[in-house]
Amino acid sequence: MTPEPAETSGELANGTGRSRSAGLVEIPGGLQAATGLKKIHRLLVDDIGGQTVWARRVEAAIEDLGTTRRYRIGVLGDDLAGPKDVVSALLQDPLADSEQSRTALLRRHEDSTRDRLVIGFRDRPGLQNDSLGLPASWLQASRSELVELRASVAATELVSEVLATDAAVIVLDPFRLLQAGNLSTVLSPLLNHIDAMFIVNGPLPAGASEEDIEASLRTQLSDHGYHRLPEVSFVRADLALKSFDALAVALAGTERRDAAFNVFQQDFLGSGIGPVQKAMVPRPPADFQSETATRTGRLALNIVDDVIRHDLTTIKMVGQTVIELERDASAAASRARHLSVSSRGIEGGIVEGGVRHAVLTSKSSLENTLRGRLSWLGLVGRARVDDVASELGDKIQREFGAGLERQLVFESGQLNQLQSQLSAETDTTIRRLSSKSLRSEGGVTHPFSSPLLLNHLSSLSLSVHPFDPSTLVDPIRIRRRQLIQQAVPRLQLSAQRGFLGTYSVAATGIFVSWAAYVEPLSLLSSETALGCGTLSVAASLVLGQSLWKRAERKFWKDFDRIVEMLQHDLQTGFSAALASRLLAKPKAAADGLAKLRNRRETRLHQLQRRVDALRQRLHPAP
81 MTPEPAETSG ELANGTGRSR SAGLVEIPGG LQAATGLKKI HRLLVDDIGG QTVWARRVEA
141 AIEDLGTTRR YRIGVLGDDL AGPKDVVSAL LQDPLADSEQ SRTALLRRHE DSTRDRLVIG
201 FRDRPGLQND SLGLPASWLQ ASRSELVELR ASVAATELVS EVLATDAAVI VLDPFRLLQA
261 GNLSTVLSPL LNHIDAMFIV NGPLPAGASE EDIEASLRTQ LSDHGYHRLP EVSFVRADLA
321 LKSFDALAVA LAGTERRDAA FNVFQQDFLG SGIGPVQKAM VPRPPADFQS ETATRTGRLA
381 LNIVDDVIRH DLTTIKMVGQ TVIELERDAS AAASRARHLS VSSRGIEGGI VEGGVRHAVL
441 TSKSSLENTL RGRLSWLGLV GRARVDDVAS ELGDKIQREF GAGLERQLVF ESGQLNQLQS
501 QLSAETDTTI RRLSSKSLRS EGGVTHPFSS PLLLNHLSSL SLSVHPFDPS TLVDPIRIRR
561 RQLIQQAVPR LQLSAQRGFL GTYSVAATGI FVSWAAYVEP LSLLSSETAL GCGTLSVAAS
621 LVLGQSLWKR AERKFWKDFD RIVEMLQHDL QTGFSAALAS RLLAKPKAAA DGLAKLRNRR
681 ETRLHQLQRR VDALRQRLHP AP
């Protein structure tokens, strides 16, 4: 099937050059292409995000499949290369053109700053909006329309316009070739996907041949990744226009007719416009319109592939970030444990700086007190056994774990500083992952930016209490209170019992000795009775001493048990503080990123399968 015949003047005046009665069914491959493009558009909008330009391009391709149209050839080039002159020379036919038609063609850009002009066949010349109708023989014979594109517009817009054409004619000057303006920037991503013809317009540099210029162009194209053999034509549009002016003079029948014919023949042949007119006549396939649309779809899928590859690379980076967060948290925990007094010590031994070593001073002080003021003889001699609880309790309150408590207060300050540092590092990492991504025109956020995770971490920062002086010392206060409220009262009770037992034994011995001495018994002599009384007093003191020693042993057993529990409590409390305060935020960040990474990776693999399926729905690339 060949392209549709020439449109009527009313159709071209609408600026589209399309038959409004045609639909998708009349375009070969149009229904299948439109279905695939709609899915690609939904994928770009709903799943990728930020690709607004490509979404608009795919949407334009879908709209283009709505009605049949002629084969569309885009013409672009730097202003110095003269693409407008090439189009003027291509479309002129002095033997058939009327003066009105010729004037409309040559003056089409006067007082105009348009970036795009569609030139199509029409019985009568006329310019309306961005469309020019001409009864040009080349347009009629080729069944095509030309789309002049201004190369100086924004690269994004120019790429969109080029993609909307079925083929492209790239006009170059022989000096700069592709290095003119932003031409190479625009064409680099498109060269291998469009049907392109290169026209070198203008006189060649001195000493350079067409072969030299073509070789330079091939080198430049190769540098931009163009892998096909370029179709290159050379033309002098200025000579062609001059020759057409001369022919018009000759046909007007002036006295200089012969000279004008000679100028026409010489300049027309020298311009090379004839071979270019033949070379530019397209031979489009029947499904050229759907193929142009699917070409846009394939390029959009390539962009999606790039996004997926970018995000998969980001997944690896996020995995490394998770490892770094966990490693930093582990290093901080190891450092904290190394600094902690609760972690120092060995099983069954005393290590300097450990809990046992820290309470050794208070234990020695208590031992001195029990050997001094609170020794059994001292208690009996002063008859102040009721002072055991108060004196020992006050001493324990003042001295038990006092040095250890000071160490833990200092340690809490260090942990608070470490907590702040680790929290700041976590915030920095999360902000880095929430920065703007460079992978799309829309400046979308990083694919691993999670407002939910950020909100959770912010809430966690407010709910996690910082380390304060009382964070780690509660076990000391609890065990100190236990020692005062349990062990000391038992020792006090033992002292009272021992005191009563001592005095009871002594009093009983003295009384029995006295009773045995006096009448009516008179069993003992005075010396014997005195000796028995003295012996009973001594025995009572020995008994009391024995009971007091036993009570002391129980006290020290309670003391050591409480110290052992204190060490366990400090270790447990320290570990709990690390987990709930120091490591809470980095662990939550690492866990959140890990879950986000796994979900994103699964989604990307699903997305890649959808992209592959969509690519299969489109026509295979040429």
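For the sequence shown, the residue numbers in the working numbering are 81 to 702.
Quick reminder that beta carbons are idealized off the backbone N, C-alpha and C, glycines included.
Just so you know, these numbers come straight off a predicted model, no measurement behind them.
Are residue i and residue j closer than 8 Å when you measure CB to CB?
| i | j | result |
| --- | --- | --- |
| residue 374 | residue 698 | yes |
| residue 481 | residue 677 | no |
| residue 184 | residue 212 | yes |
| residue 489 | residue 553 | yes |
| residue 312 | residue 356 | no |
| residue 495 | residue 416 | yes |
| residue 560 | residue 649 | no |
| residue 624 | residue 460 | yes |
| residue 231 | residue 157 | yes |
| residue 452 | residue 568 | no |
| residue 282 | residue 316 | yes |
| residue 388 | residue 687 | yes |
| residue 392 | residue 684 | yes |
| residue 129 | residue 251 | no |
| residue 661 | residue 547 | yes |
| residue 310 | residue 502 | no |
| residue 746 | residue 272 | In the structure as shown, the chain begins at 81 and stops at 702. Residue 746 is therefore absent and cannot be evaluated. |
Could you check how far apart the C-beta atoms of residue i and residue j are, in whole angstroms? I think they sit under 8 Å.
| i | j | result |
| --- | --- | --- |
| residue 138 | residue 509 | Actually they do not touch by this definition, with Cβ atoms about 36 Å apart. |
| residue 670 | residue 402 | 5 Å |
| residue 155 | residue 196 | Contact flag wrong, Cβ pair sits at about 11 Å. |
| residue 574 | residue 658 | Their Cβ separation, rounded to whole angstroms, is 41 Å, which puts residue 574 and residue 658 out of contact at 8 Å. |
| residue 563 | residue 476 | 6 Å |
| residue 381 | residue 694 | 6 Å |
| residue 351 | residue 327 | Between residue 327 and residue 351 the Cβ distance is about 12 Å, and since that is not below 8 Å, they are no contact. |
| residue 621 | residue 582 | 6 Å |
| residue 108 | residue 366 | 5 Å |
By the three-class DSSP mapping on this structure, what secondary structure does residue i have?
| i | result |
| --- | --- |
| residue 314 | strand |
| residue 281 | strand |
| residue 383 | helix |
| residue 596 | helix |
| residue 583 | helix |
| residue 260 | coil |
| residue 225 | strand |
| residue 520 | Residue confidence is low: residue 520 scores 42 on pLDDT, short of 50, so the model does not pin down where it sits. Its coordinate-derived value is still stated next. Three-state result, residue 520: coil. |
| residue 309 | coil |
| residue 553 | coil |
| residue 547 | coil |
| residue 689 | helix |
| residue 725 | Missing from the structure shown is residue 725; the chain here goes from 81 to 702 and no further. |
When the Cα atoms are used, what is the spatial distance from residue i to residue j?
| i | j | result |
| --- | --- | --- |
| residue 243 | residue 302 | 21 Å |
| residue 145 | residue 339 | 52 Å |
| residue 322 | residue 172 | 12 Å |
| residue 257 | residue 222 | 27 Å |
| residue 457 | residue 633 | 17 Å |
| residue 124 | residue 276 | 27 Å |
| residue 692 | residue 359 | 37 Å |
| residue 239 | residue 267 | 8 Å |
| residue 224 | residue 207 | 18 Å |
| residue 519 | residue 119 | Only weak support exists for where residue 519 lies, its pLDDT of 44 falling under 50; the coordinates are left without a value. |
| residue 201 | residue 149 | 12 Å |
| residue 498 | residue 412 | 7 Å |
| residue 330 | residue 214 | 23 Å |
| residue 646 | residue 630 | 24 Å |
| residue 262 | residue 270 | 14 Å |
| residue 191 | residue 386 | 43 Å |
| residue 598 | residue 611 | 15 Å |
| residue 115 | residue 165 | 40 Å |
| residue 353 | residue 253 | 15 Å |
| residue 110 | residue 121 | 16 Å |
| residue 290 | residue 284 | 8 Å |
| residue 33 | residue 418 | The structure shown does not extend to residue 33, since the chain is modelled only from 81 to 702, so the question has no answer here. |
| residue 117 | residue 369 | 13 Å |
| residue 484 | residue 555 | 11 Å |
| residue 414 | residue 651 | 14 Å |
| residue 680 | residue 187 | 57 Å |
| residue 550 | residue 410 | 24 Å |
| residue 535 | residue 500 | 18 Å |
At least one CB of chain E closer than 8 Å to the CB of residue i: is that the case?
| i | result |
| --- | --- |
| residue 585 | Given the protein chain composition of this structure (a single chain), no chain E is represented. |
* the stretch 464-484 / the stretch 496-512 touching (three or more Cβ pairs under 8 Å) -> Short answer: they don't touch.
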